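Trainee: Below is a structure I'd like to ask you about.
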Amino acid sequence: MADPRELYQQVILEHNKKPRNFGKIHSCTHQAEGHNPLCGDQLYLTLIVQEGIIEDIQFEGRGCAIDVSSASLMTTAVKGKTVQDALKLIQAFRALVRGEWNPAAHGDLGKLVVFQGVKNLPVRVKCAVLPWATLQSALDGSPIASTE
Ligand code: ZN
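If you want it as structure tokens, here you go:
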């Protein structure tokens with residue numbers, strides 16, 4: 027059995043090295059930009075949402091390993107999901123990194139549980155949440171909150 031902390035590092039390092047869905051959709055229906063001034067993370071999300079389903083999602087930008095791997099795992103987690111399910115997942119992820127995640131209330135998070143360790147690193151919580159906050163803005167169509 028691998029040490030959970032080791033698994034956490036492996037998944038994060040691997041997604042940072044080879045981010046999934048990295049790029050830009052030119053004919054996107056939704057987009058948003060996110061910025062975390064504390065760390066310097068910058069993120070640009072583009073999506074194609076059709077009939078309430080996230081058909082495609084890509085991200086671009088520069089960030090630390092936590093930010094990039096969180097964005098990478100997020101895109102794989104929400105691609106093909108309904109907007110409603112994606113919004114639920116955003117809430118569950120926020121709860122996870124704050125140490126408030128409860129599987130019975132928030133549902134299974136799959137691989138995303140590797141971010142559970144972030145709750146012990148308060149300065150990294152913003153890095154992990156940035157892609158999710160940016161996704162929320164893209165889906166809401168509201169201006170991005172950079173300090174969330
Ligand atoms: Zn960061």
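For the sequence shown, the working numbering begins at 27 and goes up steadily by one.
We put the CB at the ideal spot given by N, CA and C, even for glycine.
Fair warning: this is a prediction, and the values are worked out from it, not measured in the lab.
Below 8 Å, can you find three or more Cβ-Cβ pairs linking the segment 156-165 to the segment 112-131?
Mentor: Touching, yes.
Trainee: Using 10 angstroms around the beta-carbon of S53, count the other beta-carbons present and answer buried if the total reaches 16, otherwise exposed.
Mentor: Exposed is the call here.
Trainee: Considering just the uninterrupted stretch of the beta strand (DSSP E) at D67, what are its terminal residues?
Mentor: D67 -> beta strand (DSSP E) spans D67 to Q76.
Trainee: On the CB-based measure, 16 or more other CB atoms within 10 Å of its CB, does N146 come out buried or exposed?
Mentor: It is exposed - the Cβ of N146 has fewer than 16 other Cβ atoms within 10 Å.
Trainee: What are the complete beta strand (DSSP E) segments, minimum 3 residues, inside the segment 68-142?
Mentor: Counting only runs of 3 or more, we get 79-88.
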